[in-house]
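Here this note's numbering is used: the first residue of the sequence shown is 8, the next is one more, and so on.
For glycine and all other residues, C-beta sits at the position ideal for the given N, C-alpha and C.
No experiment lies behind these values; they were computed from the predicted model shown.
A quick write-up on the structure given underneath.
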Amino acid sequence: MNCSKSLEYLVIKKAYIFRRLQKDPAVFVGSEFQQYKGWSCNKSRITKKELEKKLTIRLKNKLEKLGKLAEKRYENYLGNCGEVHAANKVLKQNHTIEINQLTFSNAYRPRTLQKIDYCQNCLDTFNISN
């Protein structure tokens with residue numbers, strides 16, 4: 008984690024709300040650059056067509072260098088991670104932000120509020136570390 012404390016707190020709070028509502032995504036995470044913030048949970052099995060509509064061109068292009076959108080790569084489906092959707096929200100707020108400028112909160116499993124490691128897809132996409 009190298010994000011602000013306010014984003015980390017917000018992500019924990021959102022994960023707790025998901026837990027209380029008994030929504031069960033695998034992960035909840037936030038991303039930010041300066042005053043621009045975004046948070047999201049994983050999107051279970053969004054189709055390639057849906058991803059192409061949602062993602063910024065820069066993020067889509069970066070993901071496609073790793074493999075095919077919405078297809079399994081390592082343990083997860085490329086483009087369906089919470090980190091991708093949180094980053095996408097930030098990138099849509101300001102078109103001058105570079106993907107490598109983003110910072111991320113810890114990833115949390117809402118069911119247990121346990122911190123979990125970023126997947127290999129996210130490590131490769133955002134050049135972050137666990």
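Per DSSP, the unbroken alpha helix (DSSP H) holding Tyr23 starts and ends at Lys12 to Arg27. DSSP, reduced to helix, strand and coil, places Lys79 within a strand of the structure shown. DSSP places Ile123 in the strand class (E or B) of the three-state scheme. The distance from the Cβ of Leu28 to that of Trp46 is about 15 angstroms, inconsistent with a contact at the 8 angstroms cut-off. Around the beta carbon of Thr103, fewer than 16 other beta carbons sit within 10 angstroms, so the residue counts as exposed.
Inclusion of Tyr84 and Ala93 in the CB contact set at 7 angstroms is not warranted, their separation being larger than that value. Per DSSP, the continuous alpha helix (DSSP H) segment holding Arg65 begins and ends at Ile64 to Leu73.
Following the DSSP letters along the chain, one finds Val36 in no alpha helix (DSSP H) but inside the beta strand (DSSP E) bounded by residues Phe35 to Phe40.
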